[in-house]
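Chemist:
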Amino acid sequence: MSKSLSGVSRRDVIKTVAGVSFFPTVAFSKSSQKRESAKVVIVGGGYGGITAAKYLKKENPNLSVILVEERPFFMSCPLSNHFLAGLMELTPLCFAYNVLEVKHGVKIIRDKVLAVELDKRAVRTSQGYIHYDFLILSPGIDYDIEDKPFYTETLVYYPPAFKPGSEHIYLKRLLSEFEGGDIVITVPPPPYRCPPAPYERAALIADMIKRNKLKAHLYFIDANERPLINSEGFMSAYYDLYKDVATYITSAEVKDVDVRKRIVKTSHGDFRFDIANIIPPMKANNLLASAGLLKKREKWVSVNPLTFETHVENVFVIGDACVSYLPKSGYAAHSEGKVVAKILSARLKGKEVKEELLQMVCYAMVSDKEAIMTETSFKYEREKGRFIPIHREDNERKESTAKRYIEWAKGLWRDMFG
Amino acid sequence: MDRRGFIRTCGVIAVASFLDARFFSEALANQEGLLKTYNKALLTKEDGSPISEKDILPHKEYIFFYPYASTPCFLLNLGDEVKGAEIKLNDGQVYLWKGGVGTKKSIVAYSAICSHQWSYPTREYAFINYYPPDKASETTKRASVIQCCAHLSVFDPKMGGKVLEGPAEVPLASIVLQEEDGKFYAVGVLGKDQFDAFFENYKTDLRKEYGSSAKAKQLVDKCSVVEVERYVKELIRC
Numbered sequence: 000m001s002k003s004l005s006g007v008s009r010r011d012v013i014k015t016v017a018g019v020s021f022f023p024t025v026a027f028s029k030s031s032q033k034r035e036s037a038k039v040v041i042v043g044g045g046y047g048g049i050t051a052a053k054y055l056k057k058e059n060p061n062l063s064v065i066l067v068e069e070r071p072f073f074m075s076c077p078l079s080n081h082f083l084a085g086l087m088e089l090t091p092l093c094f095a096y097n098v099l100e101v102k103h104g105v106k107i108i109r110d111k112v113l114a115v116e117l118d119k120r121a122v123r124t125s126q127g128y129i130h131y132d133f134l135i136l137s138p139g140i141d142y143d144i145e146d147k148p149f150y151t152e153t154l155v156y157y158p159p160a161f162k163p164g165s166e167h168i169y170l171k172r173l174l175s176e177f178e179g180g181d182i183v184i185t186v187p188p189p190p191y192r193c194p195p196a197p198y199e200r201a202a203l204i205a206d207m208i209k210r211n212k213l214k215a216h217l218y219f220i221d222a223n224e225r226p227l228i229n230s231e232g233f234m235s236a237y238y239d240l241y242k243d244v245a246t247y248i249t250s251a252e253v254k255d256v257d258v259r260k261r262i263v264k265t266s267h268g269d270f271r272f273d274i275a276n277i278i279p280p281m282k283a284n285n286l287l288a289s290a291g292l293l294k295k296r297e298k299w300v301s302v303n304p305l306t307f308e309t310h311v312e313n314v315f316v317i318g319d320a321c322v323s324y325l326p327k328s329g330y331a332a333h334s335e336g337k338v339v340a341k342i343l344s345a346r347l348k349g350k351e352v353k354e355e356l357l358q359m360v361c362y363a364m365v366s367d368k369e370a371i372m373t374e375t376s377f378k379y380e381r382e383k384g385r386f387i388p389i390h391r392e393d394n395e396r397k398e399s400t401a402k403r404y405i406e407w408a409k410g411l412w413r414d415m416f417g
Numbered sequence: 000m001d002r003r004g005f006i007r008t009c010g011v012i013a014v015a016s017f018l019d020a021r022f023f024s025e026a027l028a029n030q031e032g033l034l035k036t037y038n039k040a041l042l043t044k045e046d047g048s049p050i051s052e053k054d055i056l057p058h059k060e061y062i063f064f065y066p067y068a069s070t071p072c073f074l075l076n077l078g079d080e081v082k083g084a085e086i087k088l089n090d091g092q093v094y095l096w097k098g099g100v101g102t103k104k105s106i107v108a109y110s111a112i113c114s115h116q117w118s119y120p121t122r123e124y125a126f127i128n129y130y131p132p133d134k135a136s137e138t139t140k141r142a143s144v145i146q147c148c149a150h151l152s153v154f155d156p157k158m159g160g161k162v163l164e165g166p167a168e169v170p171l172a173s174i175v176l177q178e179e180d181g182k183f184y185a186v187g188v189l190g191k192d193q194f195d196a197f198f199e200n201y202k203t204d205l206r207k208e209y210g211s212s213a214k215a216k217q218l219v220d221k222c223s224v225v226e227v228e229r230y231v232k233e234l235i236r237c
């Protein structure tokens, strides 16, 4: 079990929370002191950061909320496999950050955060320091490639497309220009961003081979022994629909990628490819390690799982970068953004707020028209300090589920940008 | 005092009389901001004649638009008497929902805009629906509920639209109905309505369907009641 800076493991954090509280009735308002004004700085304009910013301003119109984001526009990772497979244009996935400024009064600073300096209570950008009273870090992931240098070159030839933006656009181009041959997709071990995403992508690329009647084969190389979620639904789709055009290789470790010879070397043999989508292992955004929120060898930031607060008071980490009971996904980050906004609002008003357990809904396409889905709620075992997921999977592929998938995403976007 | 005024100030006395007086006055004070009266609008059949109790079949899902021309509501006959309930919001506010109307007190109405992320029945799709007792949801296994299939928020139409499970944080707003001489009227909206978010999020869609935002926001004084399955091309149940 990894240890956080304070020497408290995540499990201990959970235990401590359980020890002092009588879930779900006790509040987690730390100080009962009201604040007249405060400045909240949010780093990262993804699902978590945007939601936290919007809800903080909605609850506290006079609060100064600053969102620092490097990219000029938001692009959604959820539904981006639709774009890659040609089921959707890129435009519906893109939104302008200025909406948050115009509609809600969030101040948007378009800049790269160079460092988070916790001792100064400030973040440093190319334009200088931005000081905060409360800090919400929602910077997402980085690819974890230090131990495996071959990934460095792979990244520029065959983009993973797990960070929204040009990676997707270039992978889409590779797929559009593909006329036949072999495709390789590799899946890293967990945890990584959006557990069903590689499985959905494999299904959609196999579907594309079939639909376009290409002389092609997909080698889908998975570090895991089966799909991490909706296993039954994915496996039956692979078997029923794609057994002629795809091979699923499980429990295979990627050892090397030779981008010139176009070969992936794995524990299960070598695979030649014409195009590839190499998805490397992932870790919390590098910013967090340099901020001192990660110990050596730790990949993700430990937080109080119910409040998303780090060991540093009033510093929160939400979204894919933290360790929580929720899987890494846009939906979870969005829900966490709401929770943290509630907690901060309560602290500002000197009020208490009830603890709550979040829920997850995930969809995945298994063909160009059909999808499967999972709903997960969580039970909190106070005595053992454990969160128990209760999955309700719908593994029967249906067109109606694919329509719900779109509505699911649109709902999130309405909530963030509406 | 006229009927509408009666509702605004103490419309739920009959239901609330079993509660102690202190609670009652508190609830009413809070209710002030949560009960909004609009035009008294007659509910009609599609031919324009007043709808009567026998036209509202038990457990069938009907839609009408109130208080604005574009804001959809469900009309449901739940079969048996639906008693009033005290509704508590997360922020501590409390209001009293008066239960069903009609001779059996079994007829209720709710805003059909999901209080989570505002999915609503369009001409194309309805992701939010009523699940009658004999057709439980395949996913949540619940029946006699209103459920939104986008994120699986589930609401209880027998309990003032209370959230039973899922990510919704507030109940569905209920539509205050009145029955007079066998005719049914919508007179107001009780609870946290989602109209601002609805108009903001669906500006483009509403403009397309109604011609302009102003037309979509027109207050109605008559509501045509239609079966949802006749109004919507595809009901998405889950």
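Protein chains in written order, with numbering that gives the first Met the number 0: chain C, 0 to 417; chain W, 0 to 237.
We put the beta carbon where it would ideally sit given N, CA and C, even for glycine.
Can the beta-carbon of Y169 (chain C) be found less than 8 angstroms from the beta-carbon of P158 (chain C)?
Modeler: Yes. Within cutoff.
Chemist: Closer than 8 angstroms, Cβ to Cβ, to anything on chain W: give me those residues from the segment 374-406 of chain C, in chain order.
Modeler: For the segment 374-406 of chain C, which is checked against every Cβ of chain W, the residues closer than 8 angstroms are E374, S376, R391, D393, S399, T400, K402, R403, E406.
Chemist: Among the residues of its own chain, which have a CB less than 8 angstroms from the CB of V311 (chain C), if the five just before and after it don't count?
Modeler: Only L117, L292 meet the Cβ criterion.
Chemist: What is the C-beta distance between K216 (chain W) and F198 (chain W), in whole angstroms, given that I count them as a contact (C-beta under 8 angstroms)?
Modeler: At roughly 7 angstroms, the Cβ-Cβ gap stays under 8 angstroms, so K216 (chain W) and F198 (chain W) are in contact.
Chemist: Out of C:K350, C:K264, C:T50, C:N229, which one is the CA nearest neighbour of V183 (chain C)?
Modeler: Considering only alpha carbons, the answer is C:K264.
Chemist: Taking Cβ positions only, does L239 (chain W) come closer than 8 angstroms to chain C?
Modeler: Examination of residue 239 (chain W) is not possible in this model, given that chain W is present from 0 through 237 alone.
Chemist: Spell out whether any CB of chain C is found under 8 angstroms from the CB atom of E208 (chain W).
Modeler: No, E208 (chain W) lies away from the interface with chain C (no Cβ there is under 8 angstroms from its Cβ).
Chemist: Check the C-beta distance from T70 (chain W) over to F154 (chain W) and give it rounded, since I have them as a contact under 8 angstroms.
Modeler: Not quite, the Cβ-Cβ distance comes to about 17 angstroms (not below 8 angstroms), so this is no contact.
Chemist: Since N76 (chain W) contacts P57 (chain W) with CB under 8 angstroms, what's their CB separation in whole angstroms?
Modeler: Correct: roughly 5 angstroms between the Cβ atoms.
Chemist: Taking C-beta pairs closer than 8 angstroms, name the residues in chain W that L411 (chain C) reaches, listed in chain order.
Modeler: Q116, listed in chain order.
Chemist: Decide if V175 (chain W) is buried, meaning its Cβ has at least 16 other Cβ atoms within 10 Å, or exposed.
Modeler: Flag for V175 (chain W) reads buried.
Chemist: If we define contact as Cβ-Cβ less than 8 angstroms, is V98 (chain C) a contact residue for chain W?
Modeler: By this cut-off, V98 (chain C) is not an interface position.
Chemist: Can you tell me whether P156 (chain W) is helix, strand or coil according to DSSP?
Modeler: P156 (chain W) falls in the helix class under three-state DSSP.
Chemist: Considering only residues of the same chain and omitting the five flanking positions on each side of E233 (chain W), which have a CB-CB separation below 6 angstroms?
Modeler: Counting only Cβ-Cβ distances below 6 angstroms, and skipping sequence neighbours, we find Y124.
Chemist: Closer than 7 angstroms, Cβ to any Cβ of chain W: which residues of the segment 346-360 of chain C, in chain order?
Modeler: Cβ contacts with chain W come from Q358, V360.
Chemist: Hey, out of C:P91, C:L86, C:M87, whose CA is closest to F416 (chain C)'s CA?
Modeler: Per the Cα distances, C:P91.
Chemist: Examine chain W for any beta-carbon lying closer than 8 angstroms to the beta-carbon of G318 (chain C), and answer yes or no.
Modeler: No, G318 (chain C) lies away from the interface with chain W (no Cβ there is under 8 angstroms from its Cβ).
Chemist: Which runs of the alpha helix (DSSP H), 4 residues or longer, sit entirely within the segment 185-234 of chain C?
Modeler: Counting only runs of 4 or more, we get 196-210.
Chemist: Under the DSSP definition of a beta bridge, which residues are partnered with C361 (chain C)?
Modeler: According to DSSP, which records beta bridges pairwise, C361 (chain C) is partnered with C:T373.
Chemist: If you run the structure through DSSP and keep just helix, strand and coil, what is L66 (chain C)?
Modeler: The answer is strand: DSSP assigns L66 (chain C) an E or B state.
Chemist: So which residues on chain C does E45 (chain W) lean against when the C-beta distance must stay under 9 angstroms?
Modeler: The premise fails here: E45 (chain W) is roughly 27 angstroms from chain C at the closest Cβ pair, so nothing lies under 9 angstroms.
Chemist: Return the CA-CA distance between R381 (chain C) and V186 (chain W), expressed in angstroms with no decimal places.
Modeler: Roughly 47 angstroms separates the two Cα atoms.
Chemist: Let me make sure I understand the geometry here. Which of W:S114, W:Q177, W:T121 has the alpha-carbon closest to that of Q146 (chain W)?
Modeler: Residue W:S114 is the option with its Cα nearest to Q146 (chain W).
Chemist: Counting along the chain, where does the alpha helix (DSSP H) carrying I274 (chain C) start and finish?
Modeler: Run containing I274 (chain C): none in the alpha helix (DSSP H); it sits in the beta strand (DSSP E), 274-277.
Chemist: Against I235 (chain W), what residues of chain C qualify as contacts under a CB-to-CB distance less than 7 angstroms, listed in chain order?
Modeler: Near I235 (chain W) (Cβ distances below 7 angstroms), the residues of chain C are S399, K402, R403.
Chemist: Using DSSP with H/G/I as helix, E/B as strand and the rest coil, what is S31 (chain C)?
Modeler: Annotation note: pLDDT 49 at S31 (chain C) (below 50); position unreliable, coordinate value reported separately. S31 (chain C) falls in the coil class under three-state DSSP.
Chemist: Can you look up R346 (chain C) in the DSSP assignment and give me helix, strand or coil?
Modeler: R346 (chain C): helix per DSSP, three-state reduction.
Chemist: For A201 (chain C), which of C:G180, C:C321, C:F270, C:H216 has the nearest alpha-carbon?
Modeler: Cα-wise, what sits closest to A201 (chain C) is C:H216.
Chemist: Taking only beta-carbon positions, decide if G165 (chain W) is within less than 8 angstroms of chain C.
Modeler: It does: the Cβ of G165 (chain W) has a partner Cβ on chain C nearer than 8 angstroms.
Chemist: Looking at F73 (chain W) and I86 (chain W), is the spacing between their C-beta atoms short of 8 angstroms?
Modeler: Taking 8 angstroms as the Cβ cut-off, I86 (chain W) and F73 (chain W) do not qualify as a contacting pair.
Chemist: Cβ atoms of G78 (chain W) and S105 (chain W): under 8 angstroms apart, would you say?
Modeler: Taking 8 angstroms as the Cβ cut-off, S105 (chain W) and G78 (chain W) qualify as a contacting pair.
Chemist: Starting from A185 (chain W), trace the beta strand (DSSP E) both ways and give me its first and last residue.
Modeler: Here the beta strand (DSSP E) through A185 (chain W) covers 182-189.
Chemist: Where DSSP assigns a beta bridge to W96 (chain W), which residues make up the other side?
Modeler: Note: W96 (chain W) sits in a beta bridge opposite W:A84.
Chemist: Express the C-alpha separation of K409 (chain C) and A114 (chain C) in angstroms, rounding to a whole number.
Modeler: A114 (chain C) and K409 (chain C): Cα-Cα distance of roughly 34 angstroms.
Chemist: So, does the CB of E25 (chain W) fall closer than 8 angstroms to a CB anywhere in chain C?
Modeler: Confidence in E25 (chain W) is poor, its pLDDT being 46 and thus under 50, which makes the residue's placement unreliable; the coordinate value appears in the next sentence. E25 (chain W) does not count as touching chain C.
Chemist: Hey, C361 (chain C) and S334 (chain C): beta-carbon distance below 8 angstroms or not?
Modeler: No. Outside cutoff.
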